[in-house]
Amino acid sequence: MGKPVYLIDPQQKNNFTDGRCWRKIEQLLQQGSVSLRNEDHLFEHLQVGT
Numbered sequence: 011m012g013k014p015v016y017l018i019d020p021q022q023k024n025n026f027t028d029g030r031c032w033r034k035i036e037q038l039l040q041q042g043s044v045s046l047r048n049e050d051h052l053f054e055h056l057q058v059g060t
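In the working numbering, the protein residues as written are 11 to 60.
Laid out in structure tokens, this is it:
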């Protein structure tokens, strides 16, 4: 089992790479990465596991 990858507030409107970055983000999400609203949501998510 690999280490989890957390994506904080991924939004296509923040992509300035002609879609290359967004395609990578979509791949990460398809492979099990976790999309979170913000840093506070990350800390909440991490505390659940402790």
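The beta-carbon is built from N, C-alpha and C at its ideal position, and this holds for glycine as well.
Should the region 42-57 be called in touch with the region 21-32, which here means at least 3 C-beta pairs below 8 Å?
no
Could you have a look at Val-44 and say whether DSSP puts it in helix, strand or coil?
strand
CB of Val-62 within 8 Å of CB of Leu-38, strictly
The requested residue 62 is not part of the displayed model; the chain covers only 11 to 60.
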